[in-house]
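Report on the following structure.
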Amino acid sequence: MRSHRRFRERMESKRRIDRIDLARGLSISMIVLAHVLRSGKVADYLSSTGVAAFFFLGGIVFTRREHWGRWLLLRVRKLYLPYLAVALISIVFYTLIGSQAKSGIESAAGVAVAGDPNGILNNLAGMLYANSKNGSMKWNETLWFIPCYLLTTLLAVLVEEMVARTKEGTRIAVMIACFPLMYVITNISHLHLPFQAETALHMLPFFEAGILFRSTYLKDQKRAKAGTGFRFALFFVLSVLAAYLDGPISIRTDKYPHFPLSFLSLALGVLQVLLLSVLLETKDRKRWERALCTLGQESMGVMLWNKFPVVFFQLVLPKVLPVFKDVFSGDNTLSDLVLAAPVALVCVLLCLVLTFLLHCLKGRAGKILFREKC
Numbered sequence: 435m436r437s438h439r440r441f442r443e444r445m446e447s448k449r450r451i452d453r454i455d456l457a458r459g460l461s462i463s464m465i466v467l468a469h470v471l472r473s474g475k476v477a478d479y480l481s482s483t484g485v486a487a488f489f490f491l492g493g494i495v496f497t498r499r500e501h502w503g504r505w506l507l508l509r510v511r512k513l514y515l516p517y518l519a520v521a522l523i524s525i526v527f528y529t530l531i532g533s534q535a536k537s538g539i540e541s542a543a544g545v546a547v548a549g550d551p552n553g554i555l556n557n558l559a560g561m562l563y564a565n566s567k568n569g570s571m572k573w574n575e576t577l578w579f580i581p582c583y584l585l586t587t588l589l590a591v592l593v594e595e596m597v598a599r600t601k602e603g604t605r606i607a608v609m610i611a612c613f614p615l616m617y618v619i620t621n622i623s624h625l626h627l628p629f630q631a632e633t634a635l636h637m638l639p640f641f642e643a644g645i646l647f648r649s650t651y652l653k654d655q656k657r658a659k660a661g662t663g664f665r666f667a668l669f670f671v672l673s674v675l676a677a678y679l680d681g682p683i684s685i686r687t688d689k690y691p692h693f694p695l696s697f698l699s700l701a702l703g704v705l706q707v708l709l710l711s712v713l714l715e716t717k718d719r720k721r722w723e724r725a726l727c728t729l730g731q732e733s734m735g736v737m738l739w740n741k742f743p744v745v746f747f748q749l750v751l752p753k754v755l756p757v758f759k760d761v762f763s764g765d766n767t768l769s770d771l772v773l774a775a776p777v778a779l780v781c782v783l784l785c786l787v788l789t790f791l792l793h794c795l796k797g798r799a800g801k802i803l804f805r806e807k808c
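Now the structure itself:
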């Protein structure tokens, strides 16, 4: 697996690859904007494209390890433990003020987000089961992504071990085999498995595609930017057209209106995100590029916390500025997008500030507990 070894060496020597961080920054921006809009065709398009791109990028940064036990513990510490912490905060928050938040938000913008104030045990069980499709994660449904992403990486470990013991074609065979299974799960069985395993199976081909096309994405782009710009414009038009013909996609609920067309639409959407990240990458790293890279580096933190400021603004803004009631109504007009964009930006900035403060607290706690620099 020389490609894995070369990629790991590159990551260790350069620490971060700007192109990947830019793509992650774009993806999380699309997701937060979709959460602000709440519903509608544009919100569905932004959310599904951003989530699919995240899984593809997960495959790009995935490397085969010799010590999988240590790797698994690291994944649990970086993904699952933060998920549990934020989930507990969400449950406590909505248990205390759930009914008030629910009535206030629904009257202001039609947003139903609060959990059952009297069902804390059910909410805790939902946190551990981690499947948002059965209604047990109403306290913060956006957190479904974290355990599902963790499970997808574990499935990828199994696939890559098979590839290492056989040949590269095994990866493609597994990706192809996923599609009939996904169709059965989506259209026949309607399973609600722990950690949304059924959704992880849907996203596994995107994750494996990231591994498969890693070298193509990361190779130096010596061709003119105009060529990349043309391909981006082409894939953008094709992606929007496919999404229009297909209908609203929801990865969280495994909603794919026309199964083959849905995945074609997602693939085209991922391609446009990747091409845009190539277009935005510069040699001198302009200030806006560094900012977007920082957002990409802290994208998991934003994924964890963004629902709190989003719900706050969805509750407050329609009361202060009535025009925002239409923004959160799901129509997704051009004016809605213009008004929602700065709200999404503020939400992202608040999440970044909180993530930075948590990093500082973690570092200070480490110094106190272990008497060493963290």
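Numbering (this note's numbering), first residue to last: 435 to 808. Glycine included, C-beta positions come from ideal geometry on N, C-alpha and C. Being a predicted model, the structure only gives us computed values, none of them experimental.
Item                                                                                                               : Value
Cβ pair count under 8 Å reaching 3, the segment 721-735 against the segment 453-471                                : yes
Distance, residue 604 Cα to residue 596 Cα                                                                         : 7 Å
Beta-carbon proximity check, residue 385 vs residue 752, cutoff 8 Å                                                : This structure cannot speak to residue 385, because the chain is shown only from 435 to 808.
Proximity below 8 Å, CB of residue 568 to CB of residue 525                                                        : no
Uninterrupted beta strand (DSSP E) stretches inside the segment 620-699 (no shorter than 3 residues)               : none
Euclidean distance between Cα positions of residue 486 and residue 559                                             : 27 Å
Nearest-angstrom Cα separation, counted from residue 463 out to residue 778                                        : 8 Å
Alpha helix (DSSP H) segment containing residue 610, residue limits                                                : 603-618
Outcome for residue 602 when other beta-carbon atoms lying within 10 angstroms are tallied against a minimum of 16 : exposed
7 Å CB neighbourhood of residue 541 in its chain, flanking five on each side removed                               : Reliability fails at residue 541, whose pLDDT of 48 lies under 50, so the model's placement of it is uncertain and no value is given.
Straight-line gap, residue 770 to residue 474 (C-alpha atoms, nearest Å)                                           : 11 Å
Buried or exposed (CB count within 10 angstroms, at least 16 for buried), residue 624                              : exposed
Spatial distance of residue 622 from residue 616 (CA atoms)                                                        : 10 Å
Three-state secondary structure assigned by DSSP to residue 809                                                    : Residue 809 falls outside the range modelled here, since the chain spans only 435 to 808, and no answer is possible.
Cα-Cα separation between residue 522 and residue 791, rounded to whole angstroms                                   : 19 Å
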